[in-house]
Amino acid sequence: MPNVTIDWNVGRTQEQKEKIAKIIEDALVNVGKAPRENVKITFKDNPVK
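Residues in the sequence shown are numbered from 24 upward in steps of one, following this note's numbering.
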């Protein structure tokens with residue numbers, strides 16, 4: 024079960040996150056042969072210091 028955490032600064036839109044998640048998910052499914060339902064992608068939006 025692939026778990027991907029993207030740890031970055033705040034400022035991305037929901038649309039940007041969805042596009043990034045789709046690209047990563049597709050790569051894990053198509054290249055890594057992971058079942059799509061097992062892929063978990065988490066975004067951690069950290070405040071800018």
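In this text, a Cβ means the ideal position worked out from N, Cα and C, and glycines have one as well.
This one's a predicted model, so the numbers in the text were calculated from it and none came from an experiment.
Hey, would you say R59 sits closer than 8 Å to E41, going by beta carbons?
-> Looking up residue 59 in the sequence shown gives position 36. Looking up residue 41 in the sequence shown gives position 18. Not a contact, by the Cβ cut-off of 8 Å.
Between V62 and L51, which are expected to be in contact by the criterion C-beta below 8 Å, what is the C-beta distance as a whole number of angstroms?
-> By 1-based counting over the sequence shown, the position of residue 62 is 39. By 1-based counting over the sequence shown, the position of residue 51 is 28. So it is a contact: roughly 5 Å between Cβ atoms.
Rounded C-alpha distance that separates D68 from T28 | Working through the sequence shown from its first residue, we reach residue 68 at position 45. Working through the sequence shown from its first residue, we reach residue 28 at position 5. So the two alpha carbons sit approximately 11 Å from each other.
Taking the alpha carbon of V71 as the point to measure from, which residue in I43, R35, V54 and M24 has its own alpha carbon closest?
-> Within the sequence shown, numbered from 1, the residue matching residue 71 stands at position 48. Nearest option by C-alpha distance: R35.
Who pairs with K67 in a beta bridge, going by DSSP?
-> Working through the sequence shown from its first residue, we reach residue 67 at position 44. DSSP lists D30 as partners of K67.
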